[in-house]
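Numbering (the numbering used here), first residue to last: 726 to 1284.
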């Protein structure tokens, strides 16, 4: 070693000594260069196995041990002190250094270290500050489960491999967990934390902090403001405890993450604002889809504002399975929603586009939105509503309830005892199999019961009603309504037949009879009857002819 040599470490099994205040000696030879004796550059001093000695120049600077798994990997850090208080106990030590200025051999579980204090604090102050800065700037764990505590600022901490426990209180600190399932706790401001690989547990209570979970299924909890959190690869669980101005960064391939505590000041950045994504609402949660993976923003659907930076994907198809939550509101770009593979009930809310929506086998609730939607309930007792627009709705199997909403809708119940409501617009209602209830609502509607014992209500408007096979009940309501009957349609009852209404018989001749006790007029055809109950008409329009009751209370053509 020559003069002006920068001494960074002392290693070996012999006694290497720093002595005599302002001069460094190597085995009795003075090193007294003019430029590099007492620099402030950041370096590390590492004590390896053997009986190493630091002497004379570190008085007044308590020695704090940074825990590691082997003595050769242990870094000693000086913290400046102007008092002669007792040294803190060195972790893993079996003996204790009670006070400064005492030469004492310290036995640890990894080996023995001789630390000697001989110089006064006043003479050693300059070098003490230098060594303090050199030693404190790097704390490095080794292979294995390291336990590293830090309360100094401007420190770089390396956990290395293994399941490390790192606790830091200082500001402007850089923490690298390395490989392994690390536990990292930070209370300092302006800190960078990188968990590295492994399933890390990171707890932050400092402001202006950047956190990267790294690869692995990490758990990250934040309790302060102005924090950037990047989960990294793996399925991460992130908790934000009322932190304001928190930026969550996500890139495609980062896994399926869950974020709790996302608030109106939070921002989710997809691919640094240039990534493609789509969103859906599931209950109170917002599901952000990036590629084949998702970010769940828990309870974010209750917020008035949700900040997401990225490029909204133009995907038009959404496939729903049993893994998806309910209710689900699709984003503005989706046109096709397919839940046919789902076996449990789901609530789906469409958008303003012309949606094509399929339910599953459960008792689904589906709202089409304002577009011209096509909805299929499939199996189950479904509730289907088209909303605004000219919708087409099929109930499928099961006892369905169908609302067309506004617009000219086509509504079909399918099999099962369905309830179908046309609402406003010129609607077409088809009951299908089962004992159905059909209500046309406003405007001129077409109602057909098909098979089963159906009830048909035309409502207002000039409606067309046919019961179909089975013994049906029909009410025309307001307007000039037309009732259709064909061979095989059973024994139907028409209520409230008025002047202006028409009964159309499909190539059938009839005979009539009047029941004075019930006030019912019955037309008998082949294999069936049509009974007019509670009628008010004086002229009966049947096919293209007008009839009236003669003196025998039988229908006769008007002259």
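The C-beta atom is built at its ideal place from N, Cα and C for all residues, glycine as well. Every value quoted in this text rests on a predicted model; they were computed, and no experiment measured them.
- If I'm right that residue 989 touches residue 1030 with Cβ under 8 Å, what's the distance once you round it to whole angstroms? Right, their Cβ atoms sit about 5 Å apart.
- Task: Report back the beta-carbon spacing between residue 956 and residue 940 to the nearest angstrom; my notes put them in contact at under 8 Å.
- Result: About 10 Å separates the beta carbons of residue 956 and residue 940, which is beyond the 8 Å limit, so they are not a contact pair.
- Just mark residue 929 as buried or exposed, buried being the case when its beta carbon has 16 or more other beta carbons within 10 Å. buried
- Item | With 16 other Cβ atoms within 10 Å as the buried cut-off, status of residue 908 | buried
- Message: Suppose contacts are defined by Cβ-Cβ distances below 7 Å. Is residue 905 in contact with residue 923 by that definition?
- Response: yes
- Task: Please report how far the alpha carbon of residue 1094 lies from the alpha carbon of residue 962, in whole angstroms.
- Result: 34 Å
- Going by other Cβ atoms of all chains shown within 10 Å of its Cβ, with 16 needed for buried, is residue 871 buried or exposed? buried
- Who does residue 973 pair with in a DSSP beta bridge? 954, 993
- Item | Residue span of the beta strand (DSSP E) that contains residue 985, given as start and end | 982 to 985
- Task: Enumerate in chain order the residues of its own chain whose CB-to-CB distance from residue 1267 is below 6 Å, with the five nearest sequence positions on each side excluded.
- Result: 1228
- Taking residue 1121 and residue 1107 to be in contact with their CB atoms under 8 Å, please state how far apart those CB atoms are, rounded to whole angstroms. Correct: roughly 7 Å between the Cβ atoms.
- Query: Are three or more beta carbon pairs between the stretch 1223 to 1237 and the stretch 1204 to 1212 nearer than 8 Å?
  - Reply: yes
- Query: Does the distance from the CB of residue 1201 to the CB of residue 1175 come in under 7 Å?
  - Reply: no
- Ignoring anything shorter than 4 residues or poking outside the stretch 1208 to 1235, list the alpha helix (DSSP H) runs there in chain order. none
- Task: In angstroms with no decimal places, state the Cα-to-Cα distance between residue 1123 and residue 1139.
- Result: 8 Å
- Query: Taking Cβ positions, are residue 1076 and residue 1057 nearer each other than 7 Å?
  - Reply: yes
- Do residue 903 and residue 878 have their C-beta atoms within less than 7 Å of each other? No; because the gap between Cβ atoms is not below 7 Å, this pair is not in contact.
- Message: Less than 7 Å between the beta carbons of residue 1149 and residue 1131, yes or no?
- Response: yes
- Please go through the same chain and pick out, in chain order, the residues whose beta-carbon is closer than 6 Å to the beta-carbon of residue 1014, but skip the five residues on each side of it. For residue 1014, same chain residues with a beta-carbon under 6 Å away, outside a window of 5 residues either side, are 1003 in chain order.
- Could you give the distance in angstroms between the alpha-carbon of residue 1128 and the alpha-carbon of residue 1090? 11 Å
- Task: Can you tell me which of the three DSSP states residue 1106 falls into?
- Result: The answer is coil: DSSP assigns residue 1106 none of H, G, I, E or B.
- Task: Tell me residue 1064's beta-bridge partners as DSSP assigns them.
- Result: In DSSP, residue 1064 forms no bridge with anything.
- Does DSSP put residue 1069 in a helix, a strand or coil? coil
- Query: Any idea if residue 911 is buried or exposed, counting beta-carbon neighbours within 10 angstroms, 16 or more meaning buried?
  - Reply: buried
- DSSP three-state assignment for residue 1245, whether helix, strand or coil: Shown here, residue 1245 sits in a strand according to DSSP, grouped into three states.
- Query: What is the DSSP secondary structure of residue 1027, counted as helix, strand or coil?
  - Reply: helix
- Going by the CB atoms, is the gap between residue 1249 and residue 1296 shorter than 7 Å? No information on residue 1296 is available, as it lies outside the stretch 726 to 1284 that the chain covers here.
- Item | Runs of beta strand (DSSP E) wholly within the stretch 1129 to 1173 (minimum 3 residues, chain order) | 1135 to 1137, 1144 to 1146, 1153 to 1155, 1162 to 1164, 1171 to 1173
- Message: Once DSSP output is grouped into helix, strand and coil, what is the label at residue 1180?
- Response: strand
- Item | Distance, residue 1135 Cα to residue 1186 Cα | Near 17 Å, if we compare the C-alpha coordinates of residue 1135 and residue 1186.
- Delimiting residues of the beta strand (DSSP E) encompassing residue 1257: 1253 to 1258
- Message: DSSP three-state label for residue 1279, please.
- Response: coil
- Query: Which same chain residues, not among the five before or five after residue 1142, have their C-beta less than 6 Å away from its C-beta?
  - Reply: 1124, 1159, 1160
- Task: Within the stretch 890 to 952, note down every full beta strand (DSSP E) run reaching 3 residues or more, in order along the chain.
- Result: 890 to 893, 899 to 901, 908 to 911, 917 to 919, 926 to 929, 934 to 937, 944 to 947
- Task: Give the straight-line distance between the Cα atoms of residue 1184 and residue 1071, rounded to the nearest whole angstrom.
- Result: Each residue's alpha carbon lies about 32 Å from the other.
- Task: Specify, as a first and last residue, the run of the beta strand (DSSP E) that residue 1015 falls within.
- Result: Annotation: the continuous beta strand (DSSP E) that includes residue 1015 extends over 1010 to 1015.
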